[in-house]
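When the count follows full-length UniProt numbering, it moves up by one through the sequence shown with no breaks and lands on 179 for the last residue. The beta carbon of each residue, even a glycine, is placed where N, CA and C say it ideally should be. The model shown is predicted, which means the values in this text are computed figures rather than measured ones.
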Amino acid sequence: MKYNQSILAGLFCLLSFSSVAKVDDLLQEVKIAAASQEADIKNNQVIFFGPVEVTQGSIKMNADELRVFSKADKSGKTLVATGNPATYTQMMEDGRPATASAKEIRYELATRTLTLVGEATLEQDGSQVTGNLIKYNIGLQQLIAESTGKGDDRVITIIQPETYQEEKPSTPVKKQEQQ
């Protein structure tokens with residue numbers, strides 16, 4: 001029972017990166033740099049061909065191809081990055097990065113949901129979750145990880161040990177000799 005609680009505690013630490021993510025990232029402009037692009041205005045879709053780099057504050061995505069969809073009612077945008085792998089990084093308030101990679105990364109801006117498909121990995125501070133599919137709602141801090149269910153394919157979670165260490169003086173204190 002305690003082992004399960006330790007695993008859950010570790011997962012919560014790993015996955016709570018949104019609570020300490022840089023708050024102003026989502027208030028920044030989105031910049032997309034690509035080798036070329038095509039726009040299908042009728043279907044509210046733009047395709048960027050790579051290499052593609054997307055930046056928004058400290059958020060950075062790299063992909064071979066990026067598709068940006070807008071809903072017809074303008075209620076939100078979805079970015080779908082594909083690559084071998086596509087990557088996502090974001091700096092936390094404490095200056096440490098959180099990273100994700102997969103064959104496909106789908107980011108729904110309106111719901112702040114990140115979906116990683118195909119050899120998916122989510123990592124922070126050396127702890128990680130890997131699987132075929134990882135879906136993470138950043139706002140609600142909810143994660144679902146799944147394997148393909150075939151053969152030996154499994155969801156793997158690696159939790160690094162906590163580093164609680166007492167501070168020790170860098171040099172030993174010497175007692176003064178009496179004269």
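Excluding the 5 residues flanking residue 97 on each side, which residues of the same chain have their C-beta closer than 8 Å to its C-beta? The residue you call residue 97 lines up with position 97 of the sequence shown. Exclusion of the five residues before and after residue 97 leaves 89, 90, 91, 124 as the residues of its chain whose Cβ lies within less than 8 Å of its Cβ.
Three-state class that DSSP yields for residue 40 in the structure shown: Here residue 40 is taken as the residue at index 40 of the sequence shown, counted from 1. Reduced to three states, the DSSP call for residue 40 is strand.
Am I right that residue 50 and residue 65 are in contact with their C-beta atoms under 8 Å? What's the rounded C-beta distance? The count along the sequence shown starts at 1 and reaches residue 50 at position 50. The count along the sequence shown starts at 1 and reaches residue 65 at position 65. Contact flag correct, Cβ pair sits at about 6 Å.
Boundaries of the beta strand (DSSP E) in which residue 127 is found, first to last residue: Start at 1 with the first residue of the sequence shown, and residue 127 comes out as number 127. Unbroken beta strand (DSSP E) run through residue 127: 127-137.
Quick check on the burial criterion: 16 or more other C-beta atoms within 10 angstroms. Buried or exposed for residue 59? In the sequence shown, the residue the question calls residue 59 occupies position 59. Flag for residue 59 reads buried.
Counting C-beta neighbours from all protein chains within 10 Å, is the total for residue 36 16 or more, i.e. buried, or is it exposed? By 1-based counting over the sequence shown, the position of residue 36 is 36. Per the 10 Å Cβ criterion, exposed.
Considering only residues of the same chain and omitting the five flanking positions on each side of residue 80, which have a CB-CB separation below 6 Å? Translated into positions along the sequence shown, residue 80 becomes position 80. 67, 106, listed in sequence order.
To the nearest angstrom, report how far apart residue 70 and residue 48 are at their CA atoms. Translated into positions along the sequence shown, residue 70 becomes position 70. Translated into positions along the sequence shown, residue 48 becomes position 48. Answer to the nearest angstrom: the Cα atoms are 14 Å apart.
Assigned secondary structure, residue 24 (DSSP; H/G/I helix, E/B strand, else coil): Looking up residue 24 in the sequence shown gives position 24. DSSP places residue 24 in helix when its eight states are reduced to three.
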